[in-house]
Amino acid sequence: MSWGPNSFSLGRAAVALLAAGAAVSAAANVLVVRSAGPSVGAYPAGRSLPDNARIALQPGDLVTVLGAGGTRTFRGPGTFSPGATVRAGTQTLAANDGRRARIGAVRTGGIVPRGPTIWHVDVSQGGTFCLLPDEANVMLWRSDGTARGQVTITPPGGRPTTLQWPAGETILAWSPGGPLSGGTYTFTQPGVAVPTRITFRTLAAEPTDLESVAAALIANGCQDQLDVLVDSQADPSPGSGS
């Protein structure tokens, strides 16, 4: 299965693939994708664990793992196993609101609109952005496509390029004409006071499943894409620890 921009939508499509049992590999492992609290050193983001592992958490700990069934979020104190049968009626496993994935990640300012896949570059969001290898065009995205618009892209030490956004379109293909990995580009739009600065990192190989996607995003520091990926996955009803 390809996980390129045309096949890896993080809304309904990703959830549907999970429901069909085809979205992740059959390996009985889970990947830590979020970690906070006193035990973050024991369970850092990016660590792979067997699904029968015993995760011992202290008060204030929070660990989210990604596996074949989606994500599970454990809150301390307690000892948890990612592969344990989920039991309703307790509050030690935080449930995720799956509806968020179809709109966007919830941040301080409310619900932020998101692009159709994690591989579409939001020209209004700065930070580090991971690209798939061997992609001739980078797909740019804006949240409001009502009117015509433009974006000027300035590479590090290079000349700016201005692209026109047709009315009614939120997606625009950009052909940078060379490798982007490691370079910080500035995106300037009329009426936007502060330009957006995005550092691109090109993945060494195309991921083959959800866990390898998450691992690659963690390794390259592409936090915003990881957040959208994690928030798009089903989280079972609350379970319990011991």
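Quick note, in my numbering, the sequence shown goes up one by one and the last residue is 1207.
The beta carbon of each residue, even a glycine, is placed where N, CA and C say it ideally should be.
For residue i, the nearest candidate out of the options (CA to CA)
i: Gly1114; options: Thr1127, Met1104 and Val1103; result: Thr1127
i: Ser1197; options: Leu1022, Pro1009, Arg1040 and Gly1080; result: Gly1080
i: Met1104; options: Gly1091, Thr1082, Thr1149 and Leu1168; result: Thr1082
i: Leu1175; options: Ala1033, Ser1046, Ala1007 and Thr1119; result: Ala1033
i: Ala1138; options: Gly1025, His1085 and Gly1002; result: His1085
i: Thr1151; options: Leu1182, Val1116 and Gly1142; result: Val1116
i: Glu1171; options: Cys1187, Ser1046, Leu1097 and Gln1090; result: Leu1097
i: Asp1099; options: Pro1078, Ser1146 and Gly1123; result: Ser1146
Residue j beta carbon less than 9 Å from that of residue i
i: Pro1042; j: Leu1014; result: no
i: Asn1017; j: Thr1093; result: no
i: Leu1031; j: Phe1039; result: no
i: Ala1169; j: Thr1036; result: no
i: Pro1144; j: Thr1167; result: yes
i: Thr1029; j: Val1195; result: yes
i: Thr1111; j: Thr1153; result: no
i: Ser1140; j: Ala1180; result: no
i: Leu996; j: Gly1011; result: yes
Local Cβ density within 10 Å of residue i, reported as buried at 16 or more and exposed below that
i: Val1157; result: exposed
i: Pro1009; result: exposed
i: Asn994; result: buried
i: Thr1044; result: exposed
i: Gln1190; result: buried
i: Ser1000; result: buried
i: Val1178; result: buried
i: Val1159; result: exposed
i: Val998; result: buried
i: Gly1074; result: Low confidence applies here, because Gly1074 scores a pLDDT of 41, under 50, leaving its location unreliable and the question unanswered by this model.
Beta-carbon contacts of residue i that lie in its chain and below 7 Å, excluding the five residues immediately before and after
i: Asp1087; result: Gly1080 and Trp1106
i: Pro1155; result: Gln1115
Where the beta strand (DSSP E) through residue i begins and ends
i: Ala1001; result: Asn994 to Ala1001
i: Ile1083; result: That residue, Ile1083, is in no beta strand (DSSP E); it is neither H nor E in DSSP.
i: Ala1097; result: Position check: residue 1097 holds Leu in this sequence, whereas Ala was assumed. Careful: Leu1097 lies outside any beta strand (DSSP E) and carries neither H nor E.
i: Val1030; result: Leu1027 to Gly1032
i: Val1005; result: Where Val1005 is concerned, there is no enclosing beta strand (DSSP E), given that its DSSP letter is neither H nor E.
i: Asp1138; result: Residue identity check: residue 1138 is Ala in the sequence provided, not Asp. Note, Ala1138: beta strand (DSSP E), Ile1136 to Trp1139.
Same chain, Cβ closer than 6 Å to residue i, neighbours up to 5 away in sequence not counted
i: Thr1149; result: Pro1121, Arg1162 and Thr1164
i: Gly1048; result: Asp1016 and Asn1017
i: Leu1182; result: Cys1095, Gln1190 and Leu1191
i: Pro1125; result: Thr1117 and Thr1119
i: Ala1132; result: Ala1112 and Arg1113
8 Å CB neighbourhood of residue i in its chain, flanking five on each side removed
i: Asp1109; result: Thr1135
i: Ser1004; result: Ala1021, Leu1022, Gln1023, Asp1026, Val1028 and Gly1041
i: Trp1130; result: Arg1107, Gly1110, Arg1113, Gly1114, Gln1115, Val1116 and Leu1137
Boundaries (first-last residue) of the alpha helix (DSSP H) holding residue i
i: Ser1013; result: Unbroken run through Ser1013 is the beta strand (DSSP E), Ser1013 to Pro1015; no alpha helix (DSSP H).
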